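A.B. asks: Here it is: the structure, laid out below.
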C-alpha cells in the first residue's frame with residue numbers, strides 16, 4: 057500500500073518525520089518497504105516566466121529564451137520544445153540542480169554556440185510522466201517567478217510503501233491507515249466528510265441478486281449529465297502517488313474512493329448497458345456464469361467463463377466480472393454522458409475463485425479477497441456520488457439497493473482477561489520500570505482501535521469487547537485482542553528474557569536415521585533429487601479439492617514416476633544416465649487419507665565411469681547384478697539383512713527381473729529392471745533399474761545409536777578356510793532361500809556364503825539347475841583346521857539334502 061503523507065495528514069495529525077512514522081508503523085506490523093521522497097525530484101526547480109523567445113541562430117528546432125526566475129538578472133536558456141513561447145510560466149531547473157528522473161546535473165553550457173544557464177523542464181524530466189509532448193506550462197495565474205514548483209506539482213510529498221498482512225484488509229485504504237496512525241499516536245482520525253444524498257428509486261432500475269451468499273449487498277445509482285474530462289491536478293497527483301494511472305474524471309473518482317475507503321466501485325456507461333440489455337429498463341443482476349459464456353474485459357481480452365466466475369449482468373447479459381474487472385462493451389469513454397455507478401459487497405472466497413479461474417487480479421479483487429468493510433459501503437458510495445457531482449457535473453437521479461448483510465449489532469462480544477494478557481505477554485518496560493501491562497493501558501489501546509469495552513462486574517479486570525465492523529474478520533478471539541494490545545503497546549517495550557534452563561538440541565531418531573541413509577546413498581554414487589509432491593492426476597492418486605493448477609492437482613502416491621521423468625529429461629538434455637535417489641513423503645487413501653516416507657532410487661549408468669578410452673564413448677550398460685550390488689552395499693552399511701523374493705506385481709518392472717525385498721518378516725519394498733515396453737515408450741535403454749523402500753520399516757529395524765554412533769567391532773586376524781559346494785537344485789528353489797539355510801546350519805563359523813556359478817542345460821536333470829557356492833569359515837580366536845571345518849561343512853551339506861532334496865556334486 058503506497059501512502060501519500062500529504063493525503064494522510066488531511067485525515068490525521070502527524071507530528072513526526074516520515075522516517076519516524078515509518079519506524080512506528082513497522083514496529084506495529086506494517087513494514088516500511090520503501091520511503092520515496094518526491095521532493096528530491098524537483099529540488100532546485102522554480103517557477104520561471106518566459107519574457108522573450110527568439111529563434112536560435114544556428115539551429116532550426118532550438119529557441120533562445122530570456123527567463124525571469126525572480127533573480128536580479130534574466131537567464132538565457134536554450135530550449136528545444138516546440139510549445140515554448142513568450143509570456144508563459146514554466147518550470148526551470150537552475151544551474152546546480154540534480155534531476156533524478158533523468159540522472160542529470162545542470163551546469164552552465166553552450167548549445168550550438170549560444171549560452172544556456174538552466175533548463176526549462178517537461179513533466180517527464182520531473183518524474184511525473186513517462187512521455188511528455190513538450191515543456192510544462194502552468195495554467196495558474198496567482199504564481200510568480202522564483203516560487204518553488206513542488207507544491208504546485210504535488211512534488212512536496214513523501215510516499216510510504218507499506219507491506220500489509222493478509223488479515224488486515226482495512227489497511228488497504230487511506231482511512232484504514234489513518235485509523236492505525238491515530239491509534240498509535242494517541243490522536244483522533246478525521247474521516248472524509250460524507251454528503252448525504254436523497255435519491256429516489258425508479259422502476260426503470262432494478263437489482264436482482266441470484267447469489268446472495270456471493271453478493272451480500274449491491275447499490276446501483278444512475279447519474280446523468282456527466283461530463284467526462286481529465287481530472288483536476290490534485291486528483292491526478294494522489295492517484296499517481298498511489299501508483300494508479302489517471303484516465304478520466306469518472307474512472308479516477310472510483311479509483312480515488314477505492315484508495316480512500318478501500319471500497320471498490322465501478323462505473324458503467326448507461327446507454328451501453330441499455331444497448332447490451334436491449335431495453336431502456338435495466339435489471340442489474342449478480343449470478344455465476346454458465347458454461348460456454350464469454351466476456352471481453354477492459355484489458356481487451358476475450359475470456360471464456362467458467363461456472364466459478366461471478367458476473368454482473370444487464371437483463372441477464374454479462375457486462376462485468378463481479379469484483380474483478382469491468383467489461384469492454386460498457387466502458388466509460390469521452391462520449392459518455394450518463395453512468396450507472398456500482399457499489400457492492402462480494403464474498404471473499406467467491407472473488408478469489410473467480411479471479412483465479414481467469415488468472416486475473418486487480419486492485420478491486422485484491423481488496424474483495426481480503427474482505428471489504430461491510431458497514432461503510434453507503435459512505436463510500438455517497439462519497440463517490442458527491443465527487444461526481446463536484447468534478448463531473450453529474451446529477452444522481454435514481455438508486456436501487458439489495459441488502460443481505462450481517463447485523464453487526466448482534467455479534468457476540470469477546471471476553472478479555474487482564475490475567476491472560478499478562479500471562480501471554482509477560483513483563484514490559486513501562487513508566488514505573490519493569491512490570492505488567494495495566495488495565496488502563498488495555499482500555500486505552502483497544503478504545504483507540506474503535507473497540508467498545510464493557511467491564512464484567514463479577515470478574516476482576518475482565519471486559520466484554522465488541523470490535524468495530526471493519527475489524528470483525530480479524531478480531532474473533534481473545535488471543536486476537538491480546539495481539540492488538542501487544543502490537544500497539546509496542547514490541548520494542550517488551551523485556552528481553554532468556555529461558556531459565558537451556559538444553560542442547562538434537563535430532564529425532566527419525567531425522568538422524570534419515571540423514572544417515574542419505575549419506576549412505578550418496579556414498580554409493582547416487583545423487584539426491586527433490587521433486588514436487590503435487591503431480592498430474594492419473595486416477596489413482598489423492599486429488600485436491602481446491603488445486604492451484606490442473607497439472608498439480610493430486611498428491612503423489614509413489615516416487616517412481618518422478619524419478620523416471622527426471623531420468624528421461626536428463627538423458628534428453630545430453631547429461632547421460634541419472635543415478636539418483638529421493639527420500640520424501642507419499643500419500644494414499646485407505647479408510648482415510650494417510651501418508652508415509654518412502655525411499656526410492658533409479659540407476660542406469662556406471663557408478664564409476666571408466667572413461668572414453670575404455671568404453672569408446674558409448675558407455676557400458678549396468679547389469680542387474682551391478683544394480684543389486686549398489687543396493688546391497690546400502691543395506692550392508694546400514695547393518696541390515698534383506699531377503700530377495702521373486703515378484704511380478706509391479707507393472708512398470710520386468711516380471712522376470714523383479715524382486716520383493718523382505719526384512720524381519722515384513723515387506724520392505726521392491727527392486728527390479730524397467731519393463732521393456734516402458735523402456736521403449738520412454739525411449740530408454742533396457743538397463744534401467746528402480747527400487748522403492750518403505751522408510752517406516754527401516755526405521756523400526758534400525759537402532760538410532762548404532763546408526764548415528766557406530767561401534768567398532770574387532771575383526772579376525774586369522775585366515776579363513778574356503779570350501780566350494782556344488783549341487784543340482786530345483787528351478788523354483790531361490791538362491792536366497794538356500795543361502796539362508798546354509799547360514800543357519802553353518803552357525804558362527806560360517807562367515808560368508810556366495811554363489812559364483814549357475815548352469816542350465818546339457819547333463820542337468822529336467823526341471824533343475826546347477827548351482828555352485830563358495831563358503832568361507834573363520835574364527836576370531838584361532839586358525840581353523842580341517843577337524844574344525846569338516847563337521848560344520850558336512851552339516852551344511854546334510855541340511856541341503858534333507859531340507860531341499862538337492863543332489864550334491866562336490
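Numbering (my numbering), first residue to last: 57 to 866. For each residue, glycine too, the CB sits at the ideal point set by N, CA and C. The structure presented is a predicted model; accordingly, all values stated were derived computationally and were not measured.
Tell me the residue span of the beta strand (DSSP E) that contains residue 639.
C.D. replies: 636-645
A.B. asks: Between residue 884 and residue 198, what straight-line distance do the alpha-carbon atoms span, to the nearest angstrom?
C.D. replies: Any property of residue 884 remains undetermined from this structure, which presents the chain solely from 57 to 866.
A.B. asks: Could you have a look at residue 171 and say whether DSSP puts it in helix, strand or coil?
C.D. replies: In the structure shown, residue 171 falls within a strand segment according to DSSP collapsed to helix, strand and coil.
A.B. asks: Indicate whether residue 806 and residue 814 have their beta-carbon atoms separated by less than 7 Å.
C.D. replies: In this structure, residue 814 does not lie closer than 7 Å to residue 806 by Cβ.
A.B. asks: Less than 7 Å separating the beta-carbons of residue 415 and residue 380?
C.D. replies: no
A.B. asks: In or out: residue 944 buried (at least 16 other Cβ within 10 Å) or exposed?
C.D. replies: Because the chain is modelled from 57 through 866, residue 944 falls outside the range shown and cannot be assessed.
A.B. asks: Three Cβ pairs or more, each shorter than 8 Å: is that satisfied between the stretch 59-76 and the stretch 208-216?
C.D. replies: yes
A.B. asks: Helix, strand or coil: which one does DSSP assign to residue 802?
C.D. replies: helix
A.B. asks: How about the stretch 782-794 and the stretch 695-712: do they share at least three Cβ pairs that are nearer than 8 Å?
C.D. replies: yes
A.B. asks: Shortest alpha-carbon distance to residue 297 belongs to which of 279, 185, 330 and 756?
C.D. replies: With distances taken between Cα atoms, residue 297 lies closest to 185.
A.B. asks: Measure the CB-CB distance between residue 321 and residue 332 and report whether it falls below 7 Å.
C.D. replies: no
A.B. asks: For my contact list, residue 635 and residue 661 are in at a C-beta cut-off of 8 Å; report their separation, rounded to the angstrom.
C.D. replies: 6 Å
A.B. asks: Locate the beta strand (DSSP E) running through residue 310, then write down its first and last residues.
C.D. replies: Unbroken run through residue 310 is the alpha helix (DSSP H), 305-317; no beta strand (DSSP E).
A.B. asks: Going by C-alpha to C-alpha distance, which of 103, 567, 110 and 345 sits closest to residue 175?
C.D. replies: 103
A.B. asks: Should residue 477 and residue 541 be called a contact, given that it needs their Cβ atoms to be closer than 7 Å?
C.D. replies: yes
A.B. asks: Inspect the CB distances between the stretch 585-603 and the stretch 617-628 and report whether three or more fall short of 8 Å.
C.D. replies: yes
A.B. asks: Buried or exposed: which applies to residue 519, given that a residue is buried once 16 or more other Cβ atoms fall within 10 Å of its Cβ?
C.D. replies: buried
A.B. asks: Around the C-beta of residue 866, are 16 or more other C-beta atoms found within 10 angstroms, so that it is buried, or is it exposed?
C.D. replies: exposed
A.B. asks: Ignore the nearest five residues each way along the sequence and tell me which others in residue 418's own chain have a CB closer than 7 Å to its CB.
C.D. replies: Contacts found: 380 and 381.
A.B. asks: Measure the CB-CB distance between residue 829 and residue 848 and report whether it falls below 7 Å.
C.D. replies: no
A.B. asks: Would you call the stretch 637-655 and the stretch 601-613 touching, i.e. three or more CB-CB distances under 8 Å?
C.D. replies: yes
A.B. asks: If we count Cβ pairs, one from each stretch, closer than 8 Å, do we get three or more for the stretch 119-132 versus the stretch 177-191?
C.D. replies: no
A.B. asks: Tell me whether the beta-carbon of residue 521 lies closer than 7 Å to the beta-carbon of residue 537.
C.D. replies: yes
A.B. asks: DSSP on residue 578, reduced to helix/strand/coil?
C.D. replies: helix
A.B. asks: Give the straight-line distance between the Cα atoms of residue 766 and residue 745, rounded to the nearest whole angstrom.
C.D. replies: Distance between the alpha carbons of residue 766 and residue 745 is about 30 Å.
A.B. asks: In angstroms, rounded to a whole number, what distance separates the CA positions of residue 789 and residue 633?
C.D. replies: 34 Å
A.B. asks: Could you tell me which of 572, 96, 739 and 681 sits nearest to residue 625, measuring between CA atoms?
C.D. replies: Nearest option by C-alpha distance: 739.
A.B. asks: Just how far apart, CA to CA, sit residue 284 and residue 305?
C.D. replies: 6 Å
A.B. asks: What first and last residue would you give for the beta strand (DSSP E) that runs through residue 219?
C.D. replies: 214-219
A.B. asks: List, from N- to C-terminal side, the beta strand (DSSP E) runs of 3 residues or more that fit wholly inside the stretch 367-419.
C.D. replies: 373-377 and 395-402
A.B. asks: May I ask you to list the residues that DSSP assigns as paired with residue 814?
C.D. replies: 827
A.B. asks: Residue 142 and residue 108 look like a contact to me (Cβ under 8 Å); what is the Cβ gap, rounded to whole Å?
C.D. replies: Contact between residue 142 and residue 108 holds, since their C-beta atoms are separated by about 6 Å, short of 8 Å.
A.B. asks: Bridge partners for residue 353 per DSSP, in chain order?
C.D. replies: 383
A.B. asks: Leaving out five residues before and five after residue 425 in sequence, what residues of the same chain have Cβ atoms less than 8 Å from its Cβ?
C.D. replies: 404, 407, 408 and 411
A.B. asks: So for residue 684, helix, strand or coil by DSSP?
C.D. replies: helix
A.B. asks: Given a cut-off of 7 Å on the beta-carbon distance, is the pair residue 168 and residue 114 in contact?
C.D. replies: Contact: yes.
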